[in-house]
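Report on the structure given below.
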Amino acid sequence: VGSYLLRRLLFSALALVGVMIIVFWLARLTGSPAALYLPDNATTEQVNSFNHAHGYDQPIVVQFWTFVAGASHLDFGNSLSYNEPAMQPVLQFVPTTLLLSLYAILLALVVAIPLGSIAAVYKFRLADRVITVFSLFCSALPGFWIALVGILIFAVNLHLLPTSGALDWRSWVLPVVTLSLKPIGVLTQVVRGAMADTLGAGFMIASRSRGFSPFRRVMIHGLRNASLPIITVSGDTVRHVLNGGIIVGVVFSFPSIGFLMVTAVENRDFAVLQAGVFLIGILIVALNFVIDLIYAYADPRVRLT
Amino acid sequence: MAAVVLTSVTIVSLIAACSTGGSGKTSTSPANTAITIAEPTEPISLDPCNSQLQDTGYVLVGNVLQALTTIDPANGKTVPQLATSWKENSTTDWTFKLKSGVKFSDGAAFDATAAAYNINRLVNGTSADILACANRSNWAGETVVTKVTNATTLEITTSVPDPVLPTRLVWTEMSSPDATPTDTLTKTPIGTGPYEVEKYTPTVSLVLSRYAKYAGPKPAVAKATYVWRAATSVRADMISTNEADIALGLAPQDVAGVKSQTYSLSEATFLRLDTDVAPMDDPRIREAIAESIDRKTIVKTLMQGIGEPAQQMVTSINNGYIPGFAGVPYDATHAKKLVAAAKADGVDVSVSIPIYNRVDLYPGEDQVIQAVVSDIKKVGLNAQQDNLDVGAWTIQNSRPFPADRPGRAVVSATNNNTGDAAFNFLTYMLPDQRHSVLDDPKVTALINQANSAPIGKTRSALFQKAAKIVYTTDYYMVPFAYLDGLLETSSRVNYKANDLTANALQIADVTFK
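In structure tokens, the structure reads:
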């Protein structure tokens, strides 16, 4: 296990370095932030002064090595917008980002597992067709549209929830539901497929003959044996949810790292963008480890070698 | 496993509950004197020397920070704020008399020494390379020497004759020297205004609270929370759900109507035409473009009346505004003839003319530029719309321009509520200036003369003469709309928008019903 984890860590670190390099170069293609930080009537001298103050007058290769030197000891530079070390605003939003992702994925699992199981039990019957149509809708509907319609119905018309922000628990409802809809759609289909295969297996017929209740057969014996594809897709879904805070952030102004990164792109705040990408990358690497461990726990035949 | 998950959720929930700031939801209690203001974008700086940046000015100017002078929104004239009067001793020497007994919200006294400190910090830039302040752009390389005569008297000597010094000082806000170092930008400006910054949570909210010892009249609003919502529909929705009391920068289709009002942005949007690259180097082509745009229809239909047709870069409160000027009327028939004549003389009118549009210039700008491009195409020119984000657009809008550029039109907008044309004519009309393609000796001479003339009829006449050549002889600038803003208020507050709303919404102007 130790060598497996070490190998995964090495490959993950390489991938993270690659992403950081790509983000650095792509961000610089958008030009100097002077256009945003200085008014329209700024003189050329003033623009030059701004670029010099922040190192944007240096050749791009020099800027890159400055970035590498800083990043090697986790110094991503100062945020242009917030005038503080770039990692500080990013770290501030880690708890809400994690919690938003956690709630969304838990909601997705809580809804998708029963729905997918019911669809598998009643395969090709009315319940299956209704659930399949519902899950396809969830998968297909664009997140920003769901978000705006959600605001219109639940905030403007019904006055049940706030339109945006993050004041109290009600502010979490629309962002969590918006973020979980696509995972609900995808996971429902995966659970349905995996359960349908499992329910037809010989050991399931044996468990029926042993007199286990339908609930126990499906939700305990069936689900455990169908769990591997569900865990695999759940892992991908968590990664989607972790990054999916962007749409939720933009529409609901919900404070998450994704939203902070969008704001950083708009503000040409390269340091915050790079710190955000780094931290999201670390979270995803950590998540991959956790998923591997869950995989081994769920199926003892899997060996982490 | 379940226990681990539950514990994790609980811990993260607690941390999140402690770390997220409030969005400033407004209670509907009659005793509540807090308001919430929904704006499109967050300030990218809270330093006084960046107050000219629109999002920064919205929040700070007049609310937290005050300057020696300010603009009277009624007529665009420069009037005293922390100064009581001023005197022009010579073309470069001025004496400013300051108010006595004024204190910053940290308790420090505002006096001539503090005023000199703030002016030097911005203008002379002792740490210029570090601060790189936005407001320094108003000074165009000019420096000053300050001399404190006594607590309420400040002498200022400018490096060049500066007849509009009091107007330049409008954007030189005063902040407590202790809170405003010269070697770094501050996030906690301490001003003399009726409010102070209580709490700033990046991307979430900025809270201003009433400064208890403010010397002026006590404002009705005790606390103002600014929140930022990118979607105009969400900002408008926040009014109908009582989550916000004022929502700014709305699109016409999003407002309910009854509680909405327009406000002047003192801003004109225009095409800046290349004059030095074919086919735009032929003045007939530029004149045809100017004549092709049906300004009235565009403003009435696409902008839904949130604005006015424009023939000039500045509004009537500015001394560069030409009273009674007809401009270049819409005449597609004549424009077609001009294009045909140019074609007959060998000008290749089929060549593509890119119209570089900045995507976030104002709500609905894409449709407006589509109509402009369509109008230009109708007269026989091959205009092509190219929507750019601010970074890519700046490459087209600012020097150094791309070396192999085609003949282009760049869509831009300029805001000038200072009353003086120097603050935008120079950068757009003088050769080699940052946004200028023009090199017309007549225009250059007139603007240079105007810029050194004292405020008055001569200065105004010279600016206006230069502008007329630019609009109707050079056909270099093609203004087509004055932009208005649209805001909505909740049913519990009174607020009357004025010409300063766009740059500095004064919370003290808000009262409760």
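As given, the protein sequences belong to chains A and B, one line each in that order. Position one of the first sequence corresponds to residue 415 (our numbering), numbered consecutively onward. Position one of the second sequence corresponds to residue 18 (our numbering), numbered consecutively onward. Note that CB positions come from ideal geometry on N, CA and C, so glycine has one too. Predicted, not measured: the structure shown is a model, and the values here were computed from it.
Query raised in the report: Is the CB of V510/B under 8 Å away from at least one CB in chain A?
Result: no
**Report entry** Members of the region 239-256 of chain B near chain A, C-beta cut-off 8 Å
**Finding:** V244, W245, R246, A247, A248, S250, V251, D254, M255
Requested in this report: Thinking P236/B and A55/B are a contact (beta carbons under 8 Å), I'd like their distance in whole angstroms, please.
Outcome: Not quite, the Cβ-Cβ distance comes to about 20 Å (not below 8 Å), so this is no contact.
Report task. Scan the region 189-208 of chain B for residues whose Cβ lies nearer than 9 Å to a Cβ of chain A and list them as they occur along the chain. Result -> T201, L202, T203, K204
**Report entry** Residue of N155/B, L319/B, P458/B, A247/B minimising C-alpha distance to T457/A
**Finding:** N155/B
Query raised in the report: What residues in the region 153-184 of chain B bring their beta carbon closer than 8 Å to a beta carbon of chain A?
Result: R153, S154, N155, A157, G158
Query raised in the report: Start and end of the beta strand (DSSP E) containing I88/B?
Result: 86-88
Requested in this report: Evaluate R715/A with the Cβ neighbour count: other Cβ atoms within 10 Å of its Cβ, from every protein chain shown; 16 or more gives buried, anything less gives exposed.
Outcome: exposed
Query raised in the report: Can L503/B and P326/B be called in contact, C-beta distance under 8 Å?
Result: no
Query raised in the report: By a C-beta neighbour count over all protein chains shown, 10 Å radius and 16 as the cutoff for buried, is A440/A buried or exposed?
Result: According to the sequence shown, residue 440/A is Leu rather than Ala. Burial call: exposed.
Query raised in the report: Can you tell me the Cα-Cα spacing of P47/B and P211/B, whole angstroms?
Result: Reliability fails at P47/B, whose pLDDT of 42 lies under 50, so the model's placement of it is uncertain and no value is given.
Query raised in the report: Using the beta-carbon of each residue, which ones in chain A are nearer than 8 Å to A151/B?
Result: Y451, L452, P453, A456
Query raised in the report: According to DSSP, is G337/B helix, strand or coil?
Result: coil
Query raised in the report: DSSP on L202/B, reduced to helix/strand/coil?
Result: coil
Query raised in the report: Where does A264/B fall in DSSP's three states?
Result: strand
Report task. Report yes or no: is there a C-beta of chain A within less than 8 Å of the C-beta of D412/B? Result -> Residue identity differs from the one stated: residue 412/B is Ile in this sequence, not Asp. Yes, its Cβ sits closer than 8 Å to a Cβ of chain A.
Query raised in the report: P447/A: which of N520/B, I315/B, D406/B sits nearest, CA to CA?
Result: D406/B
Report task. Starting from the C-beta of Q502/A, find all residues in its chain whose C-beta is less than 8 Å away, skip the five residues before and the five after it, and write them out in chain order. Result -> S493, Y496
Report task. Might you give, ordered along the chain, the residues of its own chain that have their beta carbon closer than 7 Å to the beta carbon of N414/B, omitting 5 neighbours on each side? Result -> V427, S429, H452
Requested in this report: Name, going along the chain, the residues of the region 61-77 of chain B whose beta-carbon falls closer than 9 Å to a beta-carbon of chain A.
Outcome: I61, S62, L63, D64, N67, Q69, L70, Q71
Query raised in the report: Going straight from the alpha carbon of A132/B to that of S193/B, what length do you get?
Result: 9 Å
Query raised in the report: Which one or two residues does DSSP pair with I372/B in a beta bridge?
Result: Q402/B, A426/B
Query raised in the report: Within the 8 Å Cβ cut-off, does A260/B reach chain A?
Result: Looking at the sequence itself, residue 260/B is Glu, so the reference to Ala does not match. Yes, its Cβ sits closer than 8 Å to a Cβ of chain A.
Requested in this report: Apply the 10 Å Cβ neighbour rule to P453/A and answer buried if 16 or more other Cβ atoms are within range, or exposed otherwise.
Outcome: buried
Query raised in the report: Is the region 698-705 of chain A close to the region 640-655 of chain A, with three or more CB pairs under 8 Å?
Result: yes
Requested in this report: List the residues of chain A that T220/B touches, going by C-beta distances under 7 Å, in chain order.
Outcome: P669, F673, L674, T677
Requested in this report: For the region 562-584 of chain A, enumerate the residues whose C-beta is nearer than 7 Å to any C-beta of chain B, in chain order.
Outcome: L562, I565, A569, V570, H573, P576, T577, S578, G579, A580, L581
Query - Three-state class that DSSP yields for A20/B in the structure shown - result: Bear in mind that a pLDDT of 44 at A20/B, under 50, signals an unreliable position, so the model cannot answer this.
Query - Per-residue DSSP class, three states only, for S281/B - result: strand
Query - Span of the beta strand (DSSP E) around K114/B - result: 110-115
Report task. With 9 Å as the C-beta to C-beta threshold (strictly closer), list the residues of the region 419-447 of chain A near chain B in chain order. Result -> L443, T444, G445, S446, P447
Query raised in the report: Can you find a C-beta in chain A that's less than 8 Å from the C-beta of T14/B?
Result: In the structure displayed, chain B extends from 18 to 530; residue 14/B sits before or after that span and is not available.
Query raised in the report: By a C-beta neighbour count over all protein chains shown, 10 Å radius and 16 as the cutoff for buried, is K164/B buried or exposed?
Result: exposed
Report task. Identify the contact partners of N441/B in chain A, using a Cβ-Cβ distance below 8 Å as the criterion. Result -> D454, N455
Query raised in the report: For the alpha helix (DSSP H) that contains V549/B, what are its first and last residues?
Result: A question about residue 549/B goes unanswered here, because the residues of chain B that appear run from 18 up to 530.
Query raised in the report: Got a sec? Which residues, its chain only, sit under 6 Å from G599/A by beta carbon, not counting five neighbours each side?
Result: S549, C552, S553
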